[in-house]
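Written below as structure tokens is the structure these notes are about.
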Amino acid sequence: RDDDEEHHHRHEVRPVCFGLGTIVGALASSPFNYERNKAFQTQLGKEAPGTIECLRILWHEMEVAAAPFKPGGSHPSRLQRYLAPWHHLSNQMRWGWGTAR
40 RDDDEEHHHR HEVRPVCFGL GTIVGALASS PFNYERNKAF QTQLGKEAPG TIECLRILWH
100 EMEVAAAPFK PGGSHPSRLQ RYLAPWHHLS NQMRWGWGTA R
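The sequence shown maps to residues 40 to 140 in this note's numbering.
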């Protein structure tokens with residue numbers, strides 16, 4: 040009977056582990072996919088930015104997205120200022136329903 044319970048427990052845990060592994064894999068590979076996409080966008084004859092440079096630019100863009108005032112625009116709420124950099128990051132990393140699937 041203990042063998043049946045252990046077997047059942049393993050089958051319950053397995054999908055959770057697979058799901059977590061998928062999430063970790065997607066998050067870990069995103070910066071490298073982002074760098075690759077930036078390299079594909081680079082004009083011929085110009086040097087593509089490396090991983091560190093891509094991430095440095097992305098970090099700066101997140102800081103700009105969190106700026107409290109947009110020139111010529113309305114004043115964003117505290118929540119909008121908090122969410123803006125994370126929204127920018129998810130857009131740049133192309134996280135969405137496909138990643139969640």
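In this text, a Cβ means the ideal position worked out from N, Cα and C, and glycines have one as well.
Between the C-alpha atoms of Gly89 and Asn76, what's the straight-line distance to the nearest angstrom? 11 angstroms
Is the segment 81-98 in contact with the segment 56-63, if contact means three or more CB pairs nearer than 8 angstroms? no
Tell me which same chain residues have a C-beta within less than 7 angstroms of the C-beta of Glu100, skipping the five on either side of it? His127
DSSP-derived helix/strand/coil call for Lys77: helix
Alpha carbon of Leu97 to alpha carbon of Ser113, nearest angstrom: 24 angstroms
So, with DSSP's three-state summary, where would you put Glu86? coil
Exposed or buried, which one is Cys56 when buried takes at least 16 other CB atoms within 10 Å? exposed
If you draw a straight line from the alpha carbon of Ile91 to that of Pro70, how long is it in whole angstroms? 9 angstroms
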